[in-house]
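Take 9 as the starting number for the sequence shown in our numbering and just add one per residue. Working notes for the structure below.
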Amino acid sequence: MKTDITVTADDRARLDRLVTDRNTPAKVVWRAQIILATADGESVKAIARSTGKSKPCVWRWQKRFAEEGVEGLLRDKTR
Numbered sequence: 009m010k011t012d013i014t015v016t017a018d019d020r021a022r023l024d025r026l027v028t029d030r031n032t033p034a035k036v037v038w039r040a041q042i043i044l045a046t047a048d049g050e051s052v053k054a055i056a057r058s059t060g061k062s063k064p065c066v067w068r069w070q071k072r073f074a075e076e077g078v079e080g081l082l083r084d085k086t087r
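Written out as structure tokens, the structure reads:
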């Protein structure tokens, strides 16, 4: 499963800030890392290994970013 996402320069700058800000919740940090790694062309398998998340988890956040952008990474879905 390949998710094509486009990360603009503004998105990348915002994601980089989220990753480096010590006040960012850990779950938002790894979500941002998934998107940055995807934008850098890493495979889902490599992303899953580097973040310690499952492949379906990586796909879920790639899809959410593709649909909602950075804002989609900042909140949890209601259950």
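C-beta: ideal position from N, C-alpha, C; glycine also.
ask   = Is the beta carbon of L26 less than 8 angstroms from the beta carbon of A45?
value = Translated into positions along the sequence shown, residue 26 becomes position 18. Translated into positions along the sequence shown, residue 45 becomes position 37. No, the pair does not count as a contact, with Cβ atoms beyond the cut-off.
ask   = Is the beta carbon of A93 less than 8 angstroms from the beta carbon of R68?
value = The shown model of the chain, from 9 to 87, leaves out residue 93, and the question about it has no answer.
query = For R72, does the count of other Cβ atoms within 10 angstroms reach 16, so buried, or fall short, so exposed?
reply = On the sequence shown, residue 72 is found 64 positions in, with the first residue counted as 1. It is buried - the Cβ of R72 has at least 16 other Cβ atoms within 10 Å.
query = Where does I56 land, buried or exposed, given buried means 16+ other C-beta within 10 angstroms?
reply = For the purposes of this step, residue 56 is identified with residue 48 of the sequence shown, where counting begins at 1. Note on residue identity: the sequence assigns Ala, not Ile, to residue 56. It is buried - the Cβ of A56 has at least 16 other Cβ atoms within 10 Å.
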